[in-house]
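Asker:
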Amino acid sequence: MNSSSTLINALFIFVLAGFIGFEVIRRVSPLLHTPLMSLTNALDAIAVVGAIVLVGEHKSTLSAVFGFIAVVAATSNIVGGFLITDRMLKMFKSSRPAAKPAAK
Amino acid sequence: MMTTELAGSQVVIELVYLIASVLFILSLKWMSSPTTARHGIWAGEIGMLLAICGTLLHHGIVDYRLIAIALVLGTIIGVPLGRVAMTAVPQRTALSHAFGALCVTLVGSAEFYLRTPDISRFMMAVLSLEVILGGLTVTGSLMAAGKLQEILPQRPLTYKGQNLVNFVLLVGALVIAVSLVLHPEARVLFPFMILIALAFGVLLIIPIGGADMPTVISLLNGYAGLSAAAMGFVLDSKLLIIAGALDGSSGLILSIIMSKAMNRSFTNVLFGAFGQVQAAAAAGEEAKPVRSATPEEAAAILSAANRVIVVPGYGMAVAQAQHKVRELYDSLSKRGVDVRFAIHPVAGRMPGHMNVLLAEADIPYDRLIEMEEINGDFPQTDVALVIGANDVTNPAARSDASSPIYGMPILDVDKAHTVMVIKRSMNPGFAGIDNPLYYLDNTLMLFGDAKAFVGSIVRELSGGHG
């Protein structure tokens, strides 16, 4: 079913994506580590695509039920994760352009 | 005809997934700076939306009603989770790790029952990895969330033979996994593997204390990512592999940063049960003399200073003092005092926790300085004001080789001309380690609730000025 070439392809993708992730995330400012975590959490909920297919295909009751709960869990992560990341990032303001009148 | 059509929609889906993958990577790239970070959210959201819409084109989908209900229900749960108070962000994050892992574990389990016994050995091995990692992340994250929400005791709970029990459980799960790889028709074994993983998650987090939460949350983040990547292998979904690898490397990097900031290894965090030993050691300490000061005195010293560095810690979050701290910042800045904030990587309960709280209180982010950058400035600093931080300022980490935190990088507050520490009482901090900082000649203890005390200082400052 799964030939060894698809497996090798998948491994290539995993390793390369891991490297990209490592290099990109290393550059994230420590200032933003909390929003980074809530953002990766929302992105990780892309697992919802697997769950959607499970529900939609409805191959067995068990798979549909598990898939249903999985879609609910992942969707709440997507919605909640993006919402809170946005709320956090909105709070980060610099003192330079900020309209803080010089207090003198 | 039929097959070419299917192939066509399949190609479209894969292309959409490719775009989504690129957007995800850009999304993380833009997180590198606060000025571009909000583009990152847009990229992530568009990628997510594209991926979900693309998936709905999947030719095998016959039931859209259930999917719609699940999406709506998830949104209804997700919105309040996106609106929690900033102080509750660590437990929210732990909870969302649990949700993510729950999704992965359930999908893995469903795939197991759909595919076995006709499953290749490799696939069964990856599937086992997926559900074991997923399962332990579900319960482990729930435990972490419970501790952070203080539903569960934050103190480490330890018992004799703890590591042995954990080890036996882990081996048990692996033995079942291997059996299933060799004999996938033995489906009765599968629920036991899940149960062991769930139990392992609970036992893994029970002995970990609150102060180690930044590392644990990062580690669980990494596990959630890896289990999602494993799910990508099972479903042959490149998008999922990429997202999982990104999340996994993010969790890994943060865990490394956190561990380094505590001068400890992963295994030490996971199997060390930190707080227990020192709590006993500190109990024997006799009261040494300390100097304390009133809000009036503190206000006088602060207003006479040129350079002030504030060191916030978890105590500030507990006391909800961040808004009072902002008032203090405003008041001192108005008098021309240079006020900056020194952020230790493990201050608080998750990576970046203090930055978010202070940003919420409207303190500009360019005033929040990382440990390496600000440590050299303490000797030229008139006042270091420690609010609810303890271990990250403990000079014993530099000098006392017998201290349990020896070697941990700390903020060198003791090098400032005057150190002021706001603290409820002389009780040792969370990890139960005594802090020699409090007995130094240049240290003034400000006893009281952080919020109330900072409030009184602010009142003194405005009164004295008018």
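Heads up: the protein sequence lines correspond to chains A and B, in order. Here the first sequence is numbered in this note's numbering, starting from 10 and rising by one per residue. Here the second sequence is numbered in this note's numbering, starting from -12 and rising by one per residue. The beta-carbon is built from N, C-alpha and C at its ideal position, and this holds for glycine as well.
Tell whether a beta-carbon distance below 8 Å holds between VAL370(B) and LEU289(B).
Answerer: For VAL370(B) and LEU289(B), yes; Cβs fall inside 8 Å.
Asker: From the DSSP secondary-structure annotation, give me the bridge partner or partners of ILE240(B).
Answerer: Answer is none; ILE240(B) lacks a bridge partner.
Asker: Helix, strand or coil: how does DSSP classify PHE328(B) here?
Answerer: If DSSP states are grouped into helix, strand and coil, PHE328(B) belongs with the strands.
Asker: Under the assumption that GLU117(B) contacts ALA217(B) (Cβ atoms under 8 Å), give the Cβ distance between them as a whole number of angstroms.
Answerer: So it is a contact: roughly 4 Å between Cβ atoms.
Asker: When you compare each of ASP199(B), ALA112(B), LEU213(B) and SER390(B) to THR124(B) by their alpha carbons, which one comes out closest?
Answerer: Looking at the Cα atoms, LEU213(B) is the closest of the given residues.
Asker: Judging by CA-CA distance, which residue of LEU43(B), THR22(B) and GLU32(B) is the nearest neighbour of VAL(-1)(B)?
Answerer: Here the closest residue by C-alpha is LEU43(B).
Asker: For GLY148(B) and ARG96(A), what's the separation of their Cα atoms in angstroms?
Answerer: For GLY148(B) and ARG96(A), the distance between alpha carbons rounds to 44 Å.
Asker: On the CB-based measure, 16 or more other CB atoms within 10 Å of its CB, does LEU355(B) come out buried or exposed?
Answerer: LEU355(B) is buried by the Cβ-count criterion.
Asker: With hydrogens ignored, establish whether the beta-carbon of VAL66(B) is closer than 7 Å to any heavy atom of the ligand ATP.
Answerer: No copy of the ligand ATP appears in this structure; indeed no ligand is present at all.
Asker: Which bits of chain A does CYS40(B) rub up against, with CB to CB less than 7 Å?
Answerer: What CYS40(B) touches in chain A: nothing, since even the nearest Cβ is about 10 Å away.
Asker: For SER236(B), decide whether its Cβ has a neighbour in chain C, counting only Cβ atoms nearer than 8 Å.
Answerer: Although the question refers to chain C, the structure presented lacks it and instead comprises the protein chains A and B.
Asker: Using 8 Å for Cβ pairs, my map puts ILE444(B) next to PRO282(B). What's the rounded Cβ distance?
Answerer: Right, their Cβ atoms sit about 5 Å apart.
Asker: Taking the alpha carbon of ALA30(B) as the reference point, which residue from LEU15(B), ASP317(B) and PRO391(B) has its own alpha carbon closest?
Answerer: It is LEU15(B).
Asker: Leaving out the 5 sequence neighbours to the left and right, which residues in its chain are closer than 6 Å to MET341(B) when beta-carbon positions are compared?
Answerer: Excluding residues within five positions, the ones whose Cβ falls inside 6 Å are PRO299, ILE330, ALA334 and GLY335.
Asker: With a 10 Å radius around its C-beta and 16 neighbouring C-beta atoms as the bar for buried, classify LEU431(B) as buried or exposed.
Answerer: Buried, since its Cβ has 16 or more Cβ neighbours within 10 Å.
Asker: Looking at chain A, which residues of the region 189 to 221 of chain B have a Cβ within less than 8 Å of any of its Cβ atoms?
Answerer: Against chain A - using a Cβ distance shorter than 8 Å - the residues of the region 189 to 221 of chain B are ILE204, SER205, ASN208, ALA211, GLY212, ALA215, ALA216, MET218, GLY219 and PHE220.
Asker: At which residues does the alpha helix (DSSP H) containing LYS311(B) begin and terminate?
Answerer: Counting along the chain, the alpha helix (DSSP H) containing LYS311(B) begins and ends at 309 to 321.
Asker: Which whole-angstrom value describes the C-beta separation of MET337(B) and THR80(B), a residue pair presumed to lie in contact below a C-beta threshold of 8 Å?
Answerer: Confirmed, about 6 Å.
Asker: Suppose you measure from the CA of PHE440(B) to the CA of ARG385(B); what does that come to, to the nearest Å?
Answerer: C-alpha separation (whole angstroms): 29 Å.
Asker: What residue range is occupied by the uninterrupted alpha helix (DSSP H) comprising ILE296(B)?
Answerer: It is not in any alpha helix (DSSP H) - ILE296(B) instead sits in the beta strand (DSSP E) that spans 294 to 299.
Asker: What residues are listed by DSSP as bridge partners for SER279(B)?
Answerer: MET432(B), per the DSSP bridge assignment.
Asker: What would DSSP say about LEU213(B), mapped onto helix, strand or coil?
Answerer: Three-state result, LEU213(B): helix.
Asker: Find the residues of chain B that neighbour THR70(A), judging by a C-beta separation of less than 7 Å, and give them in chain order.
Answerer: By Cβ distance, chain B contributes nothing, its closest Cβ being about 10 Å from THR70(A), past 7 Å.
Asker: Locate the beta strand (DSSP E) running through ILE409(B), then write down its first and last residues.
Answerer: ILE409(B) -> beta strand (DSSP E) spans 405 to 410.
Asker: Rounded to whole angstroms, what is the Cα-Cα separation between ALA477(B) and VAL373(B)?
Answerer: The requested residue 477(B) does not occur in the structure, where chain B is confined to residues -12 to 453.
Asker: Taking C-beta pairs closer than 8 Å, name the residues in chain A that ASN250(B) reaches, listed in chain order.
Answerer: Chain A residues near ASN250(B): none, gap ~17 Å exceeds 8 Å.
Asker: For PRO201(B), count neighbouring C-beta atoms within 10 Å of its own C-beta (all shown protein chains included) and say buried if the count is 16 or more, exposed if not.
Answerer: Answer is buried; the Cβ neighbour count reaches 16.
Asker: Using the rule of at least 16 other Cβ atoms within 10 Å of the residue's Cβ for burial, across every protein chain shown, is ALA260(B) buried or exposed?
Answerer: Note that ALA260(B) scores a pLDDT of 46, beneath 50, so its modelled location is shaky and nothing firm can be said.
Asker: My guess is that ALA383(B) and PRO332(B) are in contact by the Cβ rule of under 8 Å, so how many angstroms apart are they, rounded?
Answerer: Actually they are not in contact, since the Cβ atoms of ALA383(B) and PRO332(B) sit about 19 Å apart, beyond 8 Å.
Asker: Shorter than 8 Å from the beta carbon of LYS16(B) to some beta carbon of chain A?
Answerer: Closer than 8 Å: yes.
Asker: For a contact defined as C-beta to C-beta under 7 Å, what are the partners of ILE34(A) on chain B?
Answerer: Under the 7 Å cutoff, chain B gives LEU15, SER236, SER237 and ILE240.
Asker: Between which two residues does the alpha helix (DSSP H) harbouring LEU355(B) extend?
Answerer: No alpha helix (DSSP H) holds LEU355(B); the beta strand (DSSP E) holding it covers 355 to 357.
Asker: What first and last residue would you give for the beta strand (DSSP E) that runs through LEU372(B)?
Answerer: Residues 370 to 374.
Asker: Beta-carbon of ASN150(B) versus every beta-carbon of chain A: anything under 8 Å?
Answerer: No, ASN150(B) lies away from the interface with chain A (no Cβ there is under 8 Å from its Cβ).
Asker: Buried or exposed for HIS170(B), going by 16 or more other Cβ atoms inside 10 Å?
Answerer: Exposed, by the Cβ-count rule.
Asker: DSSP three-state label for VAL165(B), please.
Answerer: VAL165(B) falls in the helix class under three-state DSSP.
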